Structure formats: C-alpha cells, structure tokens
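Novice: Take this structure first; my questions come after.
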Amino acid sequence: MFLFPGRTVRILSVDGGGVRGLIPSLVLTEIQRRLRARGKGRPFHEMFDLLAGTSAGGVIALGLSLPVREKNGAFSRTAAALDISEITSLFTERGGEIFPRGRLGNLRSLVQAFGEKYNAESLEQVLDGVFGDATVKDALTNLLITSYDIEKRNPHMFKKRPQRNGKVDLNFFMKDAARATSAAPTYFEPAYIDSVPAGTSPYCLVDGGIFANNPSLAAYIEARKIFPHARRYVIVSLGTGWAGRGFTYEKIRDWGYLEWVSPRNGVPLFSLASDGQSVAAVHQLSRIPDVEFYRVNGPLLVGANEAIDDASADNIARLTATAMELIASHDALLDRLCRRL
Numbered sequence: 001m002f003l004f005p006g007r008t009v010r011i012l013s014v015d016g017g018g019v020r021g022l023i024p025s026l027v028l029t030e031i032q033r034r035l036r037a038r039g040k041g042r043p044f045h046e047m048f049d050l051l052a053g054t055s056a057g058g059v060i061a062l063g064l065s066l067p068v069r070e071k072n073g074a075f076s077r078t079a080a081a082l083d084i085s086e087i088t089s090l091f092t093e094r095g096g097e098i099f100p101r102g103r104l105g106n107l108r109s110l111v112q113a114f115g116e117k118y119n120a121e122s123l124e125q126v127l128d129g130v131f132g133d134a135t136v137k138d139a140l141t142n143l144l145i146t147s148y149d150i151e152k153r154n155p156h157m158f159k160k161r162p163q164r165n166g167k168v169d170l171n172f173f174m175k176d177a178a179r180a181t182s183a184a185p186t187y188f189e190p191a192y193i194d195s196v197p198a199g200t201s202p203y204c205l206v207d208g209g210i211f212a213n214n215p216s217l218a219a220y221i222e223a224r225k226i227f228p229h230a231r232r233y234v235i236v237s238l239g240t241g242w243a244g245r246g247f248t249y250e251k252i253r254d255w256g257y258l259e260w261v262s263p264r265n266g267v268p269l270f271s272l273a274s275d276g277q278s279v280a281a282v283h284q285l286s287r288i289p290d291v292e293f294y295r296v297n298g299p300l301l302v303g304a305n306e307a308i309d310d311a312s313a314d315n316i317a318r319l320t321a322t323a324m325e326l327i328a329s330h331d332a333l334l335d336r337l338c339r340r341l
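Just so you know, we're using our numbering here: the sequence shown kicks off at 1 and counts up by one.
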C-alpha cells in the first residue's frame, strides 16, 4: 500500500482552535453523512492515508485513528474506537470540564497575564479517559500531530508512518501527544512527557499552533516522504473559524507589550501569527501543481466568541450555527470532495 507508485494520496488536516474544534468536527459529520448517502461507508482512517492536526485538530486526528481494544487485550488493526459523533461530544459535553468558567471567569483572565489560566488536571483526565494506554504507533493510519519543544526550540512532530532506512520514530502515548499539542501557552502549563518506552530525557512541549496552527503544509511534506511516487495529493483542510473583526490603526497605535499579549484582547500577538501562518499555508498549497486542495473555513457568526476556551452553552450553540453556515456556503465544494473520496 505505502510504496505503490502513481497512486493518489488523501490527507485530512485539521486546524487548532480549542473549543472551536467543534466546527471541523461538525463538518466531518456532514462529510460522513454525504458519503454514506453515496454508499461510501468506510471510516475516516481508511479513507485518508494521513491524518494531521494541531491542538484541537490533533485531538480529532488522534481520535479518528484510535483503535478499539479487542477481547484479548490487543489493539485492533482495523476497527476504530470512536466515531466522529463521539469526538464531537468532547467539545459539546466535556468542554466545560476542560475550560471551567463559573464565578472565577473574570479572575482567570487576570491570572492568565501572570500564569496558566487553567489547571491541566481536568484536561489530562479527559484525555486519559478517551485514549487510555493506546500509543501513536497503535494508530490505524499514518499520523502527524504538531507540538513545539520549548527546551530545544524546535518543532516536535508525533508521527505514525512506515519505517525505512533503519530510522525508527519515537513512540508516545496518544493521550500525551494530545496533551502536548493542546498545551496552548498561557492557557495550560507545558506538557512534560516521555516516550514509550521511557527515554533518557522527558520532553517539554507546547501547542503546535506556535508554528503550524494550520498543519496542512506540514502534512503535505510528510506525505511526500511517505509516498514519494504518488502522482497526486488530495488535501482536505478544515479550519476552526476566524473573527470577522480586525485591529484598526487607531486602536493599536499606542499598544505596548501588555496590550499585545492581553487575554482581554484575544492574545492578539499569538492569534494574528496563527492566522497569518494559516493563510500562507492555504495560499502555498493552492498553487502546488500536484495538490488538489479543499479548504473549508470562514468567519465566525456574529456573537460567536473567537476565544479558544469559551465552552458556554450559548457559545457552543453559536459555533454550531457557524458550522452549519460553513457547510451551506461550501455545499458545492463538499459535493466535489465527496465524489473524490
């Protein structure tokens, strides 16, 4: 399968965005519905040759490739443990556990200026409940999950791929990969994790959005390594929405450091860098001759909060409405995609 020359390689790439990961999960639900209506009932891990994700997108990619544990205790090589509907429920039903609000909401924003906004224990409990002791190497298809090593100051990629030329990628628990790719600076403390089996030195990792909030370009490069003789790369890239508002000259002209990193302003230094990287990746991939690129993203509806941690019922409803609007506005593109898959 992996070395067959001249084949078309299919890649699914999902952006980061915290609780806004609900949007691409609902788009995937719609893609699944349309495919089943066409008599195509294969799970996503069979449909795509590589799953890639950053932050919430990384959790989605890991979830789609999580194998079911069989009666003998081994992990299945073919059956997925989670359906996209179960992954969607992580945002709709468990988001409040990961990002608790309550009476401390305003205080948390103040604390965020001086330390992490949330205790990571709830996030870790949710991830442990979902992924258990499954490892990245147990994944049902090729994987690329982004994070950033802040000690080495290098991107760190969690990978499941065929091994060649004697090189062996380190293995990690899926829950640790999910924790690392979701460790958004100022929201959660870095993930301090080790490989499986344990290595000589743990890794200190933060959210892959530091360099690739949209990991589709990184996914394309990885796919070229895995499938060097492919004739075409079909890339499905799903975003988590963007804020319709920008920052005017009058507003930012006198900003100092605190305003540029203020949580009340949406941490603009980080969010603008993420937006810029994402747009650049889309521009570049759209112009590569052997890439067939499908991008589904758009502005958040009025009232939807661009903050990655607003898991309130009202915002979940607005994010759901945003996803429905994206599906409607990309109807023709989704139809073309489903014919292609």
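From the three backbone atoms N, C-alpha and C, an ideal C-beta is built for every residue, glycine too.
Keep in mind that this is a model prediction, so the values were computed, not measured.
What is the DSSP secondary structure of W255, reduced to helix, strand or coil?
Specialist: Translated into the one-based positions of the sequence shown, residue 255 becomes position 255. Of the three classes helix, strand and coil, the one that applies to W255 here is coil, per DSSP.
Novice: For the 8 Å Cβ check, are there 3 or more pairs between the region 21-30 and the region 180-200?
Specialist: Verdict: no, contact absent.
Novice: Throw me the rounded Cβ distance for the Y233 and V279 pair, which I believe falls under 8 Å.
Specialist: In the sequence shown, residue 233 corresponds to position 233, counting from 1. In the sequence shown, residue 279 corresponds to position 279, counting from 1. In fact, because the Cβ distance is near 20 Å, the residues do not count as touching under 8 Å.
Novice: Give me, in chain order, the residues of the same chain whose beta-carbon lies closer than 7 Å to that of S85; leave out the 5 immediate sequence neighbours on both sides.
Specialist: Along the sequence shown, one-based indexing puts residue 85 at 85. Cβ neighbours of S85 beyond the five flanking positions: T29.
Novice: For E93, I'd like the list of residues in its chain whose CB is within less than 7 Å of its CB, leaving aside the five on either flank, ordered along the chain.
Specialist: For the purposes of this step, residue 93 is taken as the residue at position 93 of the sequence shown. Around E93: no qualifying Cβ.
Novice: Please report the distance separating the alpha-carbon of I316 from that of A304.
Specialist: Walking along the sequence shown from the start, residue 316 turns up at place 316. Walking along the sequence shown from the start, residue 304 turns up at place 304. Straight-line Cα distance between these residues: approximately 8 Å.
Novice: Any idea what DSSP makes of N315, helix, strand or coil?
Specialist: Indexing the sequence shown from 1 puts residue 315 at position 315. N315: helix per DSSP, three-state reduction.
Novice: Please go through the same chain and pick out, in chain order, the residues whose beta-carbon is closer than 6 Å to the beta-carbon of S13, but skip the five residues on each side of it.
Specialist: Position 13 of the sequence shown, counted from the first residue, corresponds to residue 13. Closer than 6 Å at Cβ, skipping near neighbours: A52, P215, S216, A219, S237.
Novice: Candidates S262, L300, T78: which alpha carbon is nearest K117's?
Specialist: The count along the sequence shown starts at 1 and reaches residue 117 at position 117. Among S262, L300, T78, the Cα nearest to that of K117 is on S262.
Novice: With a cut-off of 8 Å, do at least 3 Cβ pairs link the region 253-260 to the region 195-209?
Specialist: Segments in contact, no.
Novice: State the DSSP-derived secondary structure class of P263, mapped to helix, strand or coil.
Specialist: The residue given as residue 263 occupies position 263 in the sequence shown. Of the three classes helix, strand and coil, the one that applies to P263 here is helix, per DSSP.
Novice: On the premise that H45 lies in contact with A80, defined as a C-beta separation below 8 Å, what is that separation, rounded to the nearest angstrom?
Specialist: By one-based count along the sequence shown, residue 80 stands at place 80. By one-based count along the sequence shown, residue 45 stands at place 45. About 6 Å separates the two Cβ atoms, so the contact holds.
Novice: Start and end of the beta strand (DSSP E) containing R293?
Specialist: Along the sequence shown, read from residue 1 onward, the residue named residue 293 stands at position 293. Sequence inspection shows Phe at residue 293; the Arg mentioned does not correspond to that position. 291-296 is the extent of the beta strand (DSSP E) around F293.
Novice: If you draw a straight line from the alpha carbon of L26 to that of G57, how long is it in whole angstroms?
Specialist: Counting from 1 along the sequence shown, the entry for residue 26 is found at position 26. Counting from 1 along the sequence shown, the entry for residue 57 is found at position 57. Their backbone Cα atoms lie some 12 Å apart in a straight line.
Novice: Indicate the three-state DSSP secondary structure (helix, strand or coil) for D138 in the structure shown.
Specialist: The sequence position of residue 138 within the sequence shown is 138, counting from 1. Residue state, collapsed to three classes: helix.
Novice: Just to confirm before moving on: does the CB-CB distance between A134 and M174 stay below 8 Å?
Specialist: Working through the sequence shown from its first residue, we reach residue 134 at position 134. Working through the sequence shown from its first residue, we reach residue 174 at position 174. Yes; because the gap between Cβ atoms is below 8 Å, this pair is in contact.
Novice: Compute the beta-carbon to beta-carbon distance between F172 and I150, rounded to the nearest angstrom, for a pair I have assumed lies under 8 Å.
Specialist: One-based indexing of the sequence shown puts residue 172 at position 172. One-based indexing of the sequence shown puts residue 150 at position 150. Not a contact, Cβ separation roughly 17 Å.
Novice: Do L341 and V296 come within 8 Å of each other at the CB atom, strictly closer than that value?
Specialist: The sequence position of residue 296 within the sequence shown is 296, counting from 1. The sequence position of residue 341 within the sequence shown is 341, counting from 1. No, Cβ-Cβ distance for V296 and L341 is not below 8 Å.
Novice: Strictly by DSSP, which residues pair up with R69?
Specialist: Numbered from 1 along the sequence shown, position 69 holds the residue referred to as residue 69. F75.
Novice: Is D310 buried or exposed, if buried means 16 or more other CB atoms sit within 10 Å of its CB?
Specialist: Looking up residue 310 in the sequence shown gives position 310. Under this definition D310 is a buried residue.
Novice: So within the region 169-226, which uninterrupted alpha helix (DSSP H) runs reach at least 4 residues, ignoring any that extend past its ends?
Specialist: DSSP runs (the alpha helix (DSSP H)) wholly in the region 169-226: 174-181, 209-212, 216-226.
Novice: Count the other CB atoms within 10 Å of the CB of R339; is the residue buried (16 or more) or exposed (fewer)?
Specialist: Residue mapping note: residue 339 aligns to position 339 of the sequence shown, counting from 1. Result: exposed.
Novice: Let's test the definition: count the other Cβ atoms within 10 Å of the Cβ of N154 and tell me whether it reaches 16, buried, or not, exposed.
Specialist: To locate residue 154, count along the sequence shown from 1; it is residue 154. N154 comes out exposed.
Novice: Using DSSP with H/G/I as helix, E/B as strand and the rest coil, what is T240?
Specialist: In the sequence shown, counting from the first residue as 1, residue 240 sits at position 240. Looking at T240 - three-state DSSP - the assignment turns out to be coil, as it is neither helix nor strand.
Novice: Is it the case that the Cβ atoms of V9 and A243 are separated by a distance below 8 Å?
Specialist: Taking the first residue of the sequence shown as position 1, residue 9 is located at position 9. Taking the first residue of the sequence shown as position 1, residue 243 is located at position 243. Going by C-beta atoms, V9 is not nearer than 8 Å to A243.
Novice: Are T141 and T54 close, meaning C-beta to C-beta below 8 Å?
Specialist: Taking the sequence shown and counting its residues from 1, one reaches residue 141 at position 141. Taking the sequence shown and counting its residues from 1, one reaches residue 54 at position 54. Contact: no.
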